[in-house]
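Engineer: The structure's right below; bear with me while I get my questions together.
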Amino acid sequence: MNSRKVLLTIGLIVLGLALAAGLALYFKDTEEPVLVLTPAAGPIGPTAPFTVTADDPGSGLRSLSVIVTQQGKAATPVQLSYATPEAHAEATFTLEGHGFAEGPLTVAVRAADASIRGFGQGNVRTASFEFTLDTRAPVISVLSTAHNVNRGGAGLVAYSLNEDAKESGVAVGERFFPGYKQPSGVYLCLFAFPWDMDIPDFKPQIKATDLAGNSRVSGFIFHPVDRWKFKTDTLTLPQSFLDAKMPEFETLVPQATDQLERFVKVNTEVREANAKEFYELRSKTNPVPLWSGPFLRMPNTAPRAGFADARTYLFDGQDVSHSVHLGLDLASTVADEVPAAADGKVVKAGYVGIYGNTVVLDHGLGLMTLYAHLSAIGVDEGQMVFRGNPLGRTGTTGLAGGDHLHFGVMVSGLPVQPIEWWDDHWMKDNLADKLALAKAAK
Ligand SMILES: [Zn+2]
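The end of the sequence shown is residue 1215 by our numbering, with every number in the run present.
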């Protein structure tokens, strides 16, 4: 045989095999298409998107349809057919525009494949799903009255909802502070007036979204107060500080030509990563308050740096870096015992970049306290502690020049002014009534 004949023969054999395989698949596809509807159950809003997928790797899909019925009323939001069978089909739809009423309805999905089974009908798969159409947004009733909020500080609002919520809380600009349902049924939401937000921009609103995805926003009466003047501070970085502190960060920031460049990266990139780590702890909070009464301030300590101090760092007279100090620095004797500010649960006990050895306590409702630069940690994650229990000892780990405690308070991950939480009057005026109201309500 010449080479042309050989090629032709091989070609025919390949074609024949492919045909045989195709026919075998065509006749042998006894599998019905696989259907998936998302969501598959539950309350559903009129604009919530459904996704239906059908897969048939055998002979491929010939048709896919969705029929919605409710007490004699029917609609067909999806009706697809394929001249060339498809292995995968997908469609999205909503319940909007078909005139369905509040209440139960059925979503039936049907897919047929291209096999010749069923006298040419193909393998047919049908599935039906039950839903409750919910067209109404939750009704928010604000229960608390006085909401005075200091810039940089916290506030508490109590409210009730007329139906179960997927999510509710207070929106402040782009930020969202979750509210938590109390055993009484009342919701409590601790929120904050961000230190870096101007008074005219502070417009907190309660937002609630029900299980079907319907949302409502409600305002409430509040009074923003510019109580504190945040300071600006200039710190000169001596070479001796960089030489002493930067080796600690060589594994975290290996790429730096000198210790000054390393410091700048630590002060920006590591600081930002640490803030993100603390922010993410908010999901670990207890839905019910664990604290009661004013927080304990570490005794016999002198304040060194304040909350929201804007710092400029100078090296050789040059402005090399900036940061905002989001806690209070308290100095005592070296390696002094650090007490828990209030009852809570240890949600972090370990090394966190610029904060060094750090303990974070959760007090419930998104409220957390932070203890940084410790020389020793004496508690474990998951452990419950009481107000005054020792957490560890002060030190200089992380970006600390001298032995001190860096004490921070966070509301749903946002640092707030700690001094409010030491203030018995502020607690009584701003929290006590609301906490009591949530406890007493039936
Ligand atoms: Zn500090």
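From the three backbone atoms N, C-alpha and C, an ideal C-beta is built for every residue, glycine too. All values derive from a computational prediction rather than experimental measurement.
Could you spell out the range, first to last residue, of the alpha helix (DSSP H) harbouring residue 1198?
Structural biologist: That run of the alpha helix (DSSP H) goes 1197-1200.
Engineer: Which residues in the same chain as residue 847 place their Cβ atom closer than 8 Å to its Cβ, once the five residues preceding and following it in sequence are excluded?
Structural biologist: Cβ neighbours of residue 847 beyond the five flanking positions: 840, 841.
Engineer: In whole angstroms, give me the CA-to-CA distance for residue 870 and residue 880.
Structural biologist: So the alpha carbons of these two residues sit roughly 15 Å apart.
Engineer: For residue 1102, verify whether its CB is less than 7 Å away from any heavy atom of ligand 1.
Structural biologist: It does: the Cβ of residue 1102 is within 7 Å (strictly closer) of some heavy atom of ligand 1.
Engineer: Suppose you measure from the CA of residue 993 to the CA of residue 915; what does that come to, to the nearest Å?
Structural biologist: Their backbone Cα atoms lie some 7 Å apart in a straight line.
Engineer: How big is the Cα-Cα spacing for residue 843 and residue 938?
Structural biologist: Whole-angstrom Cα-Cα distance: 25 Å.
Engineer: Roughly how many whole angstroms lie between the Cα atoms of residue 1211 and residue 932?
Structural biologist: One C-alpha to the other measures close to 9 Å.
Engineer: What residues in its chain sit with their C-beta under 6 Å from that of residue 1136, if we drop five residues either side in the sequence?
Structural biologist: Result list for residue 1136: 1063, 1064, 1115, 1117, in chain order.
Engineer: Is the beta carbon of residue 968 less than 8 Å from the beta carbon of residue 924?
Structural biologist: Yes. Within cutoff.
Engineer: Between 1140, 1086, 828, which lies nearest to residue 741 when the distance is taken from Cα to Cα?
Structural biologist: The displayed coordinates of the chain run from 774 to 1215. Any statement about residue 741 would go beyond what the structure contains.
Engineer: Is the beta carbon of residue 1078 within less than 7 Å of some heavy atom of ligand 1?
Structural biologist: The answer is yes for residue 1078.
Engineer: So, are the CB atoms of residue 1186 and residue 1014 less than 8 Å apart?
Structural biologist: Going by C-beta atoms, residue 1186 is not nearer than 8 Å to residue 1014.
Engineer: Cα-Cα, which of 965, 874, 1173, 863 is closest to residue 817?
Structural biologist: Ranking the options by Cα distance to residue 817, first place goes to 874.
Engineer: First and last residue of the alpha helix (DSSP H) that includes residue 1006?
Structural biologist: Premise fails: residue 1006 lies in the beta strand (DSSP E), 1005-1009, not in any alpha helix (DSSP H).
Engineer: Measuring alpha carbon to alpha carbon, tell me which of 1194, 1164, 1202, 1198 ends up nearest residue 926.
Structural biologist: Residue 1194 is the option with its Cα nearest to residue 926.
Engineer: Report whether the distance from the Cβ of residue 1095 to the nearest heavy atom of ligand 1 is below 7 Å.
Structural biologist: Checking the Cβ of residue 1095 against ligand 1 gives no.
Engineer: Using a Cβ-Cβ cutoff of less than 6 Å, which residues in the same chain neighbour residue 1183 once the five nearest sequence positions on both sides are dropped?
Structural biologist: Excluding sequence neighbours, residue 1183 sits near 1141.
Engineer: What is the DSSP secondary structure of residue 1107, counted as helix, strand or coil?
Structural biologist: The answer is coil: DSSP assigns residue 1107 none of H, G, I, E or B.
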